[in-house]
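Asks: In this text, residue positions in the sequence shown follow UniProt numbering: the first is 1, and each later residue adds one. Glycine included, each C-beta is placed from N, C-alpha and C at the ideal position. Got a structure here, written out as structure tokens. Questions coming.
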Amino acid sequence: MVRKTKAEAEKTRTEILDAAETVFLEKGAASSSLEEIAREAGVTRGAVYWHFANKADIIDALIERTRFPQQDTIARIAEGDGEEAALALEAIEKACFDSLNLIIDDPQRRRVQTIVLLRMEALGDVLERRVAYNRTMRQTFTRAFEVAHAQTPLAGNWTPRLAAYAASTMIQGMVREWLEDPERFDLRTDGLSCLRSLFASFKGE
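Next up, the structure:
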């Protein structure tokens, strides 16, 4: 009986998150209410509050369930662990390529990235969390480039900090532009070509 109750609770939680995706995409996070999410999910508002304290918690959960596995790769490189760390720059490049391909190929990740990049508006609580999260990710990304730089110095005037900033902002900028207007350019062809050129400049090619 306990196991069934846990399974039912998890099912309800998933339905709430699915509903939140739909509502946030349609109205934006700031303009949406927990009441609307509950109605879309076919549950009571109390059920929503049982799982999530507020919209910020829901958005965190949406992001967590579409977490990119490449984040773990970058973290391992930053710590100098695993096979990837032995050829750090190549592994970072592959992780960036794979992340871009995941956004292209996975509809749920596209929806969540659309919410995060285009539907957040001025939702203070969420934005504060996102700033802190992005700061941590940039620090990890920079440490990964430091590992790569220690193996083979980055070319030209590139430093690990600048390389991390260039790669992360290029990816986020291209994804944002593409989500706004998928007809503007081909993210797989043009986006990967831009990334390839950026990493070639890190290598002095």
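Leaving out five residues on either side along the sequence, give the residues of the same chain with a beta carbon under 7 Å from the beta carbon of Gln-151.
Replies: Ala-88
Asks: What does the alpha-carbon distance come out to for the pair Ser-197 and Gln-172?
Replies: 16 Å
Asks: Mapping DSSP to helix, strand and coil, what is Glu-154?
Replies: Per the sequence shown, residue 154 should be read as Leu rather than Glu. Residue state for Leu-154 is assigned as coil, using DSSP reduced to three classes.
Asks: If we count the other Cβ atoms within 10 Å of its Cβ and call it buried at 16 or more, is Pro-160 buried or exposed?
Replies: Burial check for Pro-160: the Cβ neighbour count within 10 Å reaches 16 or more, so the residue is buried.
Asks: Could you give the uninterrupted runs of the alpha helix (DSSP H) lying entirely in the UniProt domain "HTH tetR-type" (10-70), keeping only those of 4 residues or more?
Replies: 34-41, 45-51 and 55-65
Asks: Can you tell me where the alpha helix (DSSP H) with Pro-107 in it begins and where it stops?
Replies: Start and end: 107-118.
Asks: Apart from the five residues just before and just after Thr-136, which ones in its own chain have a Cβ nearer than 7 Å to its Cβ?
Replies: none
Asks: Between Lys-55 and the ligand HEM, is there a pair consisting of the residue's CB and a ligand heavy atom that are separated by less than 6 Å?
Replies: Inclusion of the ligand HEM in the displayed structure is not the case, the ligand content being empty and no account of it being possible.
Asks: Using a Cβ-Cβ cut-off of 6 Å (strictly less than) and excluding sequence neighbours within five positions of Ser-193, which residues of its own chain qualify?
Replies: Nothing listed; no residue qualifies.
Asks: Give the secondary structure of Lys-142 by DSSP, where H, G and I count as helix, E and B as strand, and everything else as coil.
Replies: Reading off the sequence shown, one finds Thr at residue 142, where the question assumed Lys. Of the three classes helix, strand and coil, the one that applies to Thr-142 here is helix, per DSSP.
Asks: So, with DSSP's three-state summary, where would you put Glu-180?
Replies: The answer is helix: DSSP assigns Glu-180 an H, G or I state.
Asks: Please look up how many angstroms separate the CB atoms of Leu-34 and Val-48, rounded, as I've assumed it's under 8 Å.
Replies: 5 Å
Asks: So Phe-185 is in the alpha helix (DSSP H); what residue range does that whole segment cover?
Replies: Run containing Phe-185: none; DSSP gives neither H nor E here.
Asks: Taking residue 208 as part of the alpha helix (DSSP H), name the residues at either end of that continuous run.
Replies: This structure leaves residue 208 out entirely; the chain is present only between 1 and 205.
Asks: Output the distance between the C-alpha atoms of Thr-5 and Phe-24, rounded to the nearest integer angstrom.
Replies: 28 Å
Asks: Rounding to the nearest angstrom, what Cα-Cα distance links Glu-90 and Phe-202 in this structure?
Replies: Answer to the nearest angstrom: the Cα atoms are 11 Å apart.
Asks: Hey, out of Gly-156, Ile-16 and Glu-84, whose CA is closest to Gly-204's CA?
Replies: Gly-156
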